[in-house]
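Notes follow once the structure below has been shown.
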Ligand SMILES: Nc1ncnc2c1ncn2[C@@H]1O[C@H](COP(=O)(O)OP(=O)(O)OP(=O)(O)O)[C@@H](O)[C@H]1O
Ligand SMILES: [Mg+2]
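Residue numbers (my numbering): 745 to 1227.
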C-alpha cells in the first residue's frame, strides 16, 4: 500500500509518495516537471483551476482567484469566501477541497492508481477546529488524512532523526517559508525528539524578500519612466511574480533578468538584478533573523557552539545568504543535506512518517475523522508528599513527545525523599489522580533534578537524578493506557 506525504504550505505544496513495492519515496512532478504546486484555486468561466494554472491567470481574474487557500483554511476568522463569478459564498473547506482534488488527480496520474492515504505537514499549534476543517477539506478532495505532523518534526523525520540509533544531538530546524520563518530547537536522542524552544518570525520570509525586491523595481521603473506603478494592483502582482522567479534563479546564478511587457501604462520594464544587490535589499530581514535565532538560543540556555546540527527546510533556505549566515553563526554544526531539495523536506518527512505508520501496521488505526497530533489529554502534576499540594509541570494539551527538567533540593541534612506524580482531574471538582510514587534514599547533599518525559505514544517516565554525579536515585514508568 502506497502512502503520500503532503507539505501544505501557504504558498506552495509539495507531495511525496512512498511506493511500498519498490520501497522508494518520490516527489510528485506535474506535466511541466514542476515539483511545487502553488496552493491556489481559481474560478474561471465554468471551470475550476488550481496550482500554477490558477496563478498564471490571477492578474486577469484576481477576484475569483484565491492564491493562498491554506491561510484561509487555517484562519479561524474565515468561514465563507465570496466568489463573485458564482455570485455566492462557498465554505473555505469547499474552495480548498479543489486544491486537494488536483493533488489526488495528479497522484493518480503519476502512480497509475488511486492513493488516498496521506500525512500532511502543517505549522504547529493548530487548534482542533482548524485541524478538523483541514481534514474535511482534504477528504472532500479525495484524500484520507491519517496524521498531521508539524513542519519542524517532518524536517527531523526527513533526515531520519526519529530513528532509535540517533545519538543525542542538539538540533536547530530553520524553515524559511513564504509567510514566515520558523525556528525550532530540539534535543534529539535515540529516536525521541524533545522540543526545547520555538519561535516564528514574519519579518524574514519569502514574501518579505519578494516585496522588497518588487519595491526596489517599482522605484527604478518610476525613476526611469516617470510612471509610479506601486499603487497599481495588477502591475505589482505581475512584478512580484517576476521578482520571485528572479530570487529563485539567484540561488544558483549571479545575476537575474526581470522582463515584463507593458508593466504599467503600456510601458515595458526590463532590469537586471545581481545577487549582491539582492542580498543588500534583504539586509534588514536578515538582522531580524539573526536576532531571533540568538534570542531563541538564549531562552534555551544554549550557546551557538553547543548546537550540533542545523536542518534547513522550506524553499527560502536555498538562498545562498541563508546558508552562509547560518554557517557563520554555527561554525561547528553539521548541515546535513538530504537527497532532496530543502523545499521538499516537509513532504519527504510527512511521507516517511506515513511509511512508518504503514510498516508498523498503524495505518488503519490511525485516525481519519479528526486526527490530532499526540497531546497530553490530562495535565501532569508533582507533589512532594502524598496529599500535599501539587504543582502543575505539564499542562493538558502539551504536544508529545515532551521532556522537562526541574531543579529540586532536599532540606539540609535529609537524605530521603518522596515525589508523587499525579494527573490533573478531568472535572474541576475531582481531585488529581496519583499515578505513582517515587521514594528514594541516600541522596548526597546538593541539587537534584526531576526529569519528566512523555513519549509520543503517551508513556510517562519520571526520574530523580542527583545533579552532581548524574546518579539516578529513583525512577518510575507509567504505561500510556494508565495515564
Ligand atoms: N530555489 C529557491 N531559491 C530561493 N527562494 C526559493 C527557492 N525555491 C523557493 N523559494 C522561495 O521560498 C518561499 C516558499 O517556500 P515554501 O514553499 O517552503 O513556502 P510555504 O511552505 O508555502 O510557506 P509557509 O511555510 O510560510 O507556509 C517562496 O518565497 C519561494 O519563492
Ligand atoms: Mg512551509
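Ideal Cβ positions, reconstructed from N, Cα and C, are used throughout, including at glycine.
No experiment lies behind these values; they were computed from the predicted model shown.
- The DSSP assignment places complete beta strand (DSSP E) segments of no fewer than 3 residues inside the stretch 1187 to 1219 at 1191 to 1198 and 1204 to 1210, in order along the chain.
- Put simply, of 884, 911, 883 and 916 the residue whose alpha carbon is nearest the alpha carbon of residue 897 is 916.
- Counting C-beta pairs closer than 8 Å gives three or more between the stretch 777 to 795 and the stretch 807 to 821, which meets the contact rule.
- For the pair residue 1028 and residue 1104, the Cα-to-Cα distance works out to about 47 Å.
- Residue 806 and residue 926 have their C-alpha atoms roughly 29 Å apart.
- For residue 895, the Cβ falls inside the 8 Å cut-off from some heavy atom of ligand 2.
- Around the beta carbon of residue 875, 16 or more other beta carbons lie within 10 angstroms, which makes this residue buried.
- Under a 10 Å Cβ-count criterion, residue 1221 is classified as exposed, with fewer than 16 other Cβ atoms of the shown protein chains found around its own Cβ.
- Shortest Cα-Cα distance from residue 1086 to any of 1079, 1094, 1059 and 1075 involves 1059.
- Shortest Cα-Cα distance from residue 907 to any of 864, 935 and 923 involves 935.
- For residue 760, same chain residues with a beta-carbon under 6 Å away, outside a window of 5 residues either side, are 749, 769, 771, 1091, 1092 and 1095 in chain order.
- Bounds of the alpha helix (DSSP H) holding residue 1093 are 1089 to 1103.
- In this structure the stretch 971 to 978 does not lie against the stretch 932 to 946, because fewer than three pairs of beta carbons, one per stretch, are closer than 8 Å.
- Within the same chain, and ignoring the five residues on either side of residue 958 in sequence, the residues whose Cβ sits closer than 7 Å to its Cβ are 980, 983, 984 and 987.
- A direct Cα-to-Cα measurement between residue 881 and residue 1098 gives close to 19 Å.
- In this model, residue 1144 and residue 1032 are separated by some 30 Å (Cα to Cα).
- Beta-bridge pairing by DSSP links residue 1160 to no other residue.
- A direct Cα-to-Cα measurement between residue 775 and residue 1123 gives close to 50 Å.
- Between residue 1163 and residue 1218, the CB-CB gap stays under 9 Å.
- Counting C-beta pairs closer than 8 Å gives three or more between the stretch 1173 to 1182 and the stretch 1198 to 1212, which meets the contact rule.
- Set against 8 Å, the gap from the CB of residue 753 to the closest heavy atom of ligand 1 is smaller.
- The beta carbons of residue 894 and residue 866 sit closer together than 9 Å.
- If you draw a 10 Å sphere on the C-beta of residue 767, you find fewer than 16 other C-beta atoms in it, and that means exposed.
- The beta carbon of residue 993 lies closer than 7 Å to those of 1000 in the same chain, with the five residues before and after it left out.
- Contact annotation, residue 889 with residue 913: C-beta distance approximately 30 Å; criterion of less than 8 Å not satisfied.
- Remark: the C-beta of residue 945 is outside contact range of ligand 1, defined as less than 8 Å to any heavy atom.
- Short of 7 Å from the beta carbon of residue 834, and not among the five residues preceding or following it, lie these beta carbons of its own chain, in chain order: 824, 825 and 827.
- In this chain, the beta strand (DSSP E) harbouring residue 1053 covers 1053 to 1057.
- Comparing C-alpha distances from residue 1128 to each of 967, 1142, 1153 and 1120 shows the shortest one belongs to 1153.
- Within 8 Å of the C-beta of residue 775 there is not a single heavy atom belonging to ligand 2.
- Excluding five sequence positions before and after residue 919, the CB atoms of its chain that fall closer than 6 Å to its own CB belong to 895, 926, 1057 and 1058, given in chain order.
- In this chain, the beta strand (DSSP E) harbouring residue 760 covers 756 to 763.
- If you look at residue 805, you'll find it isn't in any beta strand (DSSP E); DSSP assigns it neither H nor E.
- Given a length threshold of 4 residues, each whole run of the alpha helix (DSSP H) inside the stretch 972 to 1019 is given here in chain order: 977 to 993.
- If you ignore the 5 residues before and after residue 1047, its C-beta comes within less than 8 Å of the C-beta of 1041, all in its own chain and listed in chain order.
- For ligand 2, a non-hydrogen atom lies closer than 8 Å to the CB of residue 1090.
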